[in-house]
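So the sequence shown is numbered by our numbering: it starts at 40 and just counts up by one. All C-beta atoms, glycine included, are put in the ideal place defined by N, C-alpha and C. This structure is a prediction, so every number in the text was calculated from the model and none was measured. Have a look at the structure below before the remarks.
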Amino acid sequence: MKNLFFYFRTLMVLAVLFISCDRNEDDGTNTATSSTAGFTWKEDSQTAPEQKASSAYFQGSSIFALNASNATVFEINLMKSSAVGTYTFDGDYIKGTALVYVTKNFNATGGTITITEKTDSKVSGKFEATGTGNGITKVYGTFTGIPVK
40 MKNLFFYFRT LMVLAVLFIS CDRNEDDGTN TATSSTAGFT WKEDSQTAPE QKASSAYFQG
100 SSIFALNASN ATVFEINLMK SSAVGTYTFD GDYIKGTALV YVTKNFNATG GTITITEKTD
160 SKVSGKFEAT GTGNGITKVY GTFTGIPVK
């Protein structure tokens, strides 16, 4: 009987420990919460203040970066290819590569986007675009570890 009580008590202690453990502990490997992950950009100069979208993702063949109110900040369409490589902005939203900075009404007329990493779960790269919109003539940006939807 003492053995049965001992096993029962041990089982109860293990059950309490198991239930009380946090299953959502951060082991530091989640790049989505990394300070370098996300979508950032600068307007007109590489030394301009860096701005950061509150969320960004890759879906289909496009990158979307959103501000806090979920109004589109950027839309980058990569209709020719979204594989690792460098592509020229040609402004063709249907078949080519295009960048629109919707908030500032900026449309890229030139520049490049470089995809440096693309997996089933995330995309990283950088871009530099020239164009016009609300006094802006150039936009520089990076996207690091943005999720694929």
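Span separating the alpha-carbon of residue i from that of residue j
i      : j      : result
Tyr132 : Met118 : 7 Å
Tyr126 : Ser108 : 30 Å
Gly184 : Val139 : 21 Å
Pro186 : Ala95  : 7 Å
Thr151 : Tyr179 : 10 Å
Thr176 : Lys165 : 17 Å
Glu114 : Thr142 : 10 Å
Thr197 : Ile102 : What the structure shows of the chain is the stretch from 40 to 188, and residue 197 is not part of that stretch, so it cannot be assessed.
Asp159 : Lys81  : 28 Å
Ala104 : Gln85  : 19 Å
Val162 : Ala110 : 21 Å
Beta-carbon proximity list for residue i, same chain, < 6 Å, skipping 5 on both sides
i      : result
Gln98  : Lys188
Thr171 : none
Thr153 : Thr125, Gly164 and Lys165
Close beta carbons around residue i, own chain, < 8 Å, minus the five adjacent residues each side
i      : result
Asp199 : In the structure as shown, the chain starts at 40 and stops at 188, and residue 199 therefore has no counterpart that could be examined.
Glu89  : Thr79, Trp80 and Lys81
Under 9 Å between C-beta atoms of residue i and residue j
i      : j      : result
Thr169 : Thr148 : yes
Val123 : Glu156 : yes
Asn106 : Ala87  : no
Asn146 : Asn173 : no
Close Cβ partners of residue i (< 7 Å) along its chain, the five nearest in sequence each way excluded
i      : result
Ser100 : Asn116, Leu117, Met118 and Ser121
Asp83  : Ile175, Thr176 and Lys177
Where the beta strand (DSSP E) containing residue i begins and where it ends
i      : result
Phe97  : Ser94 to Gln98
Pro186 : Ile175 to Pro186
Ala137 : Thr136 to Tyr140
Lys157 : Phe145 to Lys157
Tyr132 : From DSSP, Tyr132 is part of no beta strand (DSSP E); its letter is neither H nor E.
Val162 : Lys161 to Gly172
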